[in-house]
Structure formats: C-alpha cells, structure tokens
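> In the numbering used here, the protein residues as written are 168 to 629. C-beta atoms are modelled at their ideal positions from N, C-alpha and C, and glycine is treated no differently. Quick one: the structure is below, questions incoming.
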C-alpha cells in the first residue's frame, strides 16, 4: 500500500468511527440519543497529561481518564511491565490449586504501603465496583465467623458513590444512580453527610456540622440495633457526589462511633487511594485507620482494570477459624490477573519514586487557589472546593440562594464545550466541573486550566 493509499485508509476509518459512535454501543452515564445527536470526541492517543482525538486536537485531560491515570499517559515503565508479563504469562487464575507471582508481589506491596493502617490481606477484583462489593461480602462473612451472624446491615452517606453493582448502588447516596434500577438490596441505609457547601443544617460552623452528622449516624446505628449493623462505608472525600471534603473532625468521629458500637469502618479509597488527595491514602488526611479499604483506578494508573479490597489484621484473623464457613466463597475469573498486577506494581513504583502524592498536594493547592480567584469575576461560580488534585467548580444561577443549574439548563455544557475547544477537557456533572487530572500535572498546566475556564465563562452567554 502506498503512502497515499495508507492515508486514505486512515481517513476513511476515522470517518467511519465518527459516523458509528453511539450507534452500536451504550455509553455509561449517558442518554443514547444524546450520544448520537452530539457525538463525543474519539480519543486516539495520550501523552503525559494530554489526550489527542481523531481530529488531531490535543487537550489537557482534566478527567485523568476517570480519576485514574495518576502517572500520566505513555509511561513506558507500565507498558513494558504489561508487555513483559503478556509474553511470560498472560493469564492464570487464583482459584484453589494455583497462584501467580505478580499477584503475590502486589498483595505484599499493598500491605506494605498500608502498614500504618494495619492491613494484612488483599482480595483482588476487576475494578472499584467489584472492590466495594467484595468489602460488603467480606464484612458479612467476618461477623458470621466471629459469632454475630445478625450483623448484616450497612450504613452509608448521602452524596456518597460506591459503584454500580447492586450492593454498591444500594449504598450510593444519590437518586440519579439508583432510581432506574430499584428496588435496591435490603439492609442498606443512608444518613446525612457534612456537605460544607450544601449543608443539611444551616447556620452552623464546620466542626458543629460534623458533630451533628456524626450524631445522626450514631442514632441510625442505635435505631437499627447495633448488633445488626455490619459496617459503615464512606469515601474519605466524596468524588462523584461533587468532591465534598469533610470537616477535619468528621472521620475521627466515624471511627469513634464505629468503635463504640463494634461496627466495621470501610474506607472507599477507589478515587483517593494512591495519591490523588495529596496523601497516599485519603484516610491519612484525617489520621484514621479503617478496618477495610477498597482500591482501584490509580492502582494501575488506569492502564489495566484491577481492583483490590484490603482487610486489617483484626478482621483478617477471623478466617483462621476452622470449618467450612472460613472458605472465601467469593472471587472473580480475573481476580489477581497477572497482567493487571504487573501493571499495578509498575504504576505504584512511579507514584512512589516520583513522589506524585506530594506533587498532587502542591500543584493541587496552586490550582485550587487559581480557580477560587475566578469567583471574583464570575457570579456563576458558586463554590470551588477540593483537596490535592480532586477539585470541583460548582456553577449556580444565583450565588446568594445557591440555586443550581439543572440537567435541562444548557449553560454548564456550553462552558464545558468552550473549554474543550480551547484544549481543556473537563468532566461535567450537571452543574459541576470535576477536575481530576494526572498527578504529574505542572503548575504551568494548572494555570492553563484556570485561564481557559476564565475565558470560557467570560465568553459564554447565560
């Protein structure tokens, strides 16, 4: 094939892809009709903190893939680890009678990194929804093993997101994730969370708000009867719910209440785990040790699907009991996939060696300050909040009343489109711009994000 013929073939394929997008594939969290009517950009390549679409448009990826490409795109270290493992052993399971070296090494590495939290055992899965589902099942089995089989209930927070399997969805604290798939799994209950921008109680300071929300959790445990409650699950910082950073005293109170009633505390670290919040793990922002930790996303920097659920020493020791109930009757075909675990080892090495956690804290603070400065010029910005490189810009119709834009309002989408046209790809959730770029982001790139958003807000009529 000549160079001209090759170019023609590439162009023909690109045109076919643009015509076909949305016609044969459902996109998550999207109305299929909208995908066809407004085709999304087709991402073709990635390098560093940038992605490039089929039209050659290069954009700063402020989504970080989906909260996950922590080490950035085009990292040979991860690609080489994947390639080497594919050549050596592309797959083998962890069911009885077999093991594989990358899974053993990654489990040991995760326990080493979480030594401060006393984590002792890991159960691998294929992603974040799997990881939280695993946490629920292991929590219930734990209580059966220690002689309290009635502890089967879970309590989560309004605004929290824990994946979209039926268990995780039942723990989610938002109608949008649940309504289309009800009825939910029984035994899941929500309580108010200390949302600082849209608090459930007005006129109180953050510390008092945290006290009040913690008290509601305690009342719910009492109402359900403590010896029927298996665990409380929460994100250290709520992600999909709007990057809601809790008051500093809230997580310590969660731990205190769980200890008071003998309830397990599950930290959903799927987003915050491995550096995004400016600490290696989100719970370290609050100095709290959970009983179970859920991880995914950044564990492989998004290069290969992988999830992990970690149990601390106290919980893991229950499986030392004799008898058939101590068998872990849970797992997936791809639990501990050798290629995924090889990618995880390489990705974690980059986070540690390049100190990307510290970079997330430093550049994140710089970006947060820059975005907050836009509030002086743009009344449509109601709030800017975040920690590390997980930030939300919330748009409102009226700053005084905090009236939000709704899914029927086109303004947030138009602002997002204007950013995209100028090389910055945001994630738009109704009236919120979620900014979660790769942890390699520089201050210069952060300034670009601020400048582009500033221009988009100024040039887009409401």
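1) Apart from the five residues just before and just after residue 537, which ones in its own chain have a Cβ nearer than 7 Å to its Cβ?
2) Give the secondary structure of residue 178 by DSSP, where H, G and I count as helix, E and B as strand, and everything else as coil.
3) Ordered along the chain, which non-local residues of its own chain (more than five positions away) have a Cβ less than 6 Å from that of residue 601?
4) Is it true that the CB of residue 400 sits closer than 8 Å to the CB of residue 497?
5) Would you mind working out which of 517, 492, 434 sits nearest residue 475, comparing C-alpha positions?
6) Which same chain residues, not among the five before or five after residue 314, have their C-beta less than 6 Å away from its C-beta?
7) Mapping the DSSP letters down to three states, classify residue 599 as helix, strand or coil.
8) How many whole angstroms separate the CB atoms of residue 323 and residue 340, which I take to be in contact at a CB cut-off of 8 Å?
9) Could you tell me which of 553, 325, 245, 473 sits nearest to residue 359, measuring between CA atoms?
10) By alpha-carbon positions, which one of 212, 229, 436 ends up nearest to residue 609?
11) Does the contact criterion of 3 or more C-beta pairs under 8 Å hold for the stretch 479 to 493 versus the stretch 262 to 277?
12) What are the boundary residues of the beta strand (DSSP E) that includes residue 561?
13) Alpha carbon to alpha carbon, what distance is there between residue 260 and residue 480?
14) Taking three-plus beta-carbon pairs below 8 Å as touching, is the stretch 370 to 382 in contact with the stretch 417 to 433?
15) How is residue 240 classed by DSSP in three states: helix, strand or coil?
16) Select from 430, 464, 501 the residue whose C-alpha is nearest the C-alpha of residue 482.
17) Express the C-alpha separation of residue 292 and residue 473 in angstroms, rounding to a whole number.
18) Please report the distance separating the alpha-carbon of residue 590 from that of residue 621.
19) May I ask you to report which of helix, strand or coil DSSP gives residue 543?
20) Could you pull the start and end residues of the alpha helix (DSSP H) that residue 398 belongs to?
Considering the structure as presented:
1) 613, 614, 617
2) helix
3) 559, 594
4) no
5) 434
6) none
7) strand
8) 6 Å
9) 325
10) Cα-wise, what sits closest to residue 609 is 229.
11) The stretch 262 to 277 and the stretch 479 to 493 do not touch, with fewer than three beta-carbon pairs separated by less than 8 Å.
12) 557 to 565
13) 25 Å
14) yes
15) strand
16) 430
17) 6 Å
18) 13 Å
19) It is helical.
20) Note, residue 398: premise wrong, no alpha helix (DSSP H); beta strand (DSSP E) at 396 to 401.
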